[in-house]
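With the working numbering applied, the sequence shown covers 3 to 179. Glycine is no exception: its CB is placed at the ideal position from the N, C-alpha and C atoms. Predicted model only: the values in this text are computed from it and were never measured.
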Amino acid sequence: MMKIGEYEWDPNKDLLSANGASALVYRARNEDAKHVALKIFKDSIVKGDAKANSKRKKLEEQFEMLEKLSHNNIVRHESLLYLETTNQFNQEVECPVLVMEFASEGSLVDYLQKNPTTPHREKLIWDIMEGLKFLHKKGIIHRDLKPENILIMKDAEGLPVGKISDFGISKDTINTG
């Protein structure tokens, strides 16, 4: 088991996605057994590097923007943490970890593969449109909207809810500091 902050996960059992170019996503749980998704970025910040503070500041500014996006069709971002480790050059590094709402049904691709005849397709399209409308009113353009970046959760009645995710806290921010 691994732990960061109040969250624990088993890297061998809890991997949700390794497909992203910039991050691995794990299912984790806190002491109350609440599930979250941990997006652990592959690129890291070298401690003591002249640009480390600038890179952290940019990440934290992006996270603050994400944290303010409160809408039923936007994945909730809970916190930004740093996993301390050593890289292949024996340097102490920090890997940014984004703590997000857990998508119990996976991505839109996963959901439609498991439920090819779902009567909720139209509802999911409306969910995505409502999320986009909210973002555009806030002056935010997603720039990478695709089925893999739409996550599906169940509401209190058991109906699927589409939520937009993956807003670009990415290697670009870490690498350009």
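Residue burial classification, residue i (beta-carbon count within 10 angstroms, cutoff 16)
i	result
residue 104	buried
residue 165	buried
residue 162	buried
residue 133	buried
residue 46	buried
The alpha helix (DSSP H) enclosing residue i, as first and last residue numbers
i	result
residue 31	No alpha helix (DSSP H) holds residue 31; the beta strand (DSSP E) holding it covers 25 to 31.
residue 56	54 to 69
residue 133	123 to 139
residue 163	No alpha helix (DSSP H) holds residue 163; the beta strand (DSSP E) holding it covers 162 to 166.
Through-space distance from residue j to residue i, alpha-carbon basis
i	j	result
residue 11	residue 32	9 Å
residue 34	residue 94	31 Å
residue 129	residue 30	26 Å
residue 122	residue 147	20 Å
residue 36	residue 75	20 Å
The beta strand (DSSP E) enclosing residue i, as first and last residue numbers
i	result
residue 15	Per DSSP, residue 15 belongs to no beta strand (DSSP E) and is neither H nor E.
residue 143	It is not in any beta strand (DSSP E) - residue 143 carries neither H nor E in the DSSP assignment.
residue 38	37 to 43
residue 95	94 to 103
residue 49	Element bounds for residue 49: n/a, residue is neither H nor E.
Rounded distance between the beta-carbons of residue j and residue i, thought under 8 Å
i	j	result
residue 114	residue 98	Wrong, their Cβ atoms sit about 30 Å apart, outside the cutoff.
residue 77	residue 167	4 Å
residue 80	residue 48	Actually they are not in contact, since the Cβ atoms of residue 80 and residue 48 sit about 26 Å apart, beyond 8 Å.
Using a Cβ distance threshold of 8 Å, determine whether the stretch 142 to 160 contacts the stretch 104 to 115, with at least three qualifying pairs required.
The stretch 104 to 115 and the stretch 142 to 160 touch, with three or more beta-carbon pairs separated by less than 8 Å.
Measuring CB atoms only, is the stretch 63 to 75 touching the stretch 127 to 143, in the sense that at least three cross pairs come out at less than 8 Å?
In this structure the stretch 63 to 75 touches the stretch 127 to 143; the number of beta carbon pairs closer than 8 Å is three or more.
Are three or more beta carbon pairs between the stretch 13 to 25 and the stretch 41 to 54 nearer than 8 Å?
Output reads yes: the stretch 41 to 54 touches the stretch 13 to 25.
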